[in-house]
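>
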Amino acid sequence: MSLIANTPKPPYFAVIFTSTRTEGDNGYGEMANRMVELAQQQSGFLGVESAREEVGITVSYWADLDSIKVWKANSEHLAAQKTGREAWYDSFKVRISKVERDYGI
18 MSLIANTPKP
28 PYFAVIFTST
38 RTEGDNGYGE
48 MANRMVELAQ
58 QQSGFLGVES
68 AREEVGITVS
78 YWADLDSIKV
88 WKANSEHLAA
98 QKTGREAWYD
108 SFKVRISKVE
118 RDYGI
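Note that this note's numbering has the sequence shown beginning at 18, numbered continuously upward.
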């Protein structure tokens with residue numbers, strides 16, 4: 018699997034999740050893997066890219082805004098969000114953007 022998502026021709030949408038973590042894993046790694054697995058099963062999911070050093074950035078790609086809304090409301094994802102606010106993140110920000118153009122090699 019490539020580290021760079023193989024997205025379709027635009028337009029599509031990106032959910033950009035930027036975070037700083039608390040100390041220790043506290044089950045974070047296992048849950049992060051589960052959330053990617055679960056997102057891949059959702060209608061409209063196109064791919065994901067993630068990197069973490071001092072700041073973590075995960076970008077998930079979606080076909081449309083309705084797919085993002087359904088993903089945000091997924092019960093298992095809601096539980097992970099709650100635990101994230103309570104235990105895993107010192108801070109985070111979510112941004113949703115429309116991708117109108119992409120290119121690369």
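Glycine included, each C-beta is placed from N, C-alpha and C at the ideal position.
Tell me the DSSP bridge mates of G64?
Y78
> Determine the burial state of Y120: buried for a count of at least 16 other Cβ atoms within 10 Å of its Cβ, exposed for fewer.
exposed
> Compare the Cα-Cα distances from E71 to each of F109, R118 and N50 and report the closest residue.
F109
> Give the secondary structure of I85 by DSSP, where H, G and I count as helix, E and B as strand, and everything else as coil.
Helix.
> Just to confirm my understanding: we take M48, look at its own chain, exclude 5 residues before and 5 after, and list those with CB closer than 6 angstroms. What are they?
A97
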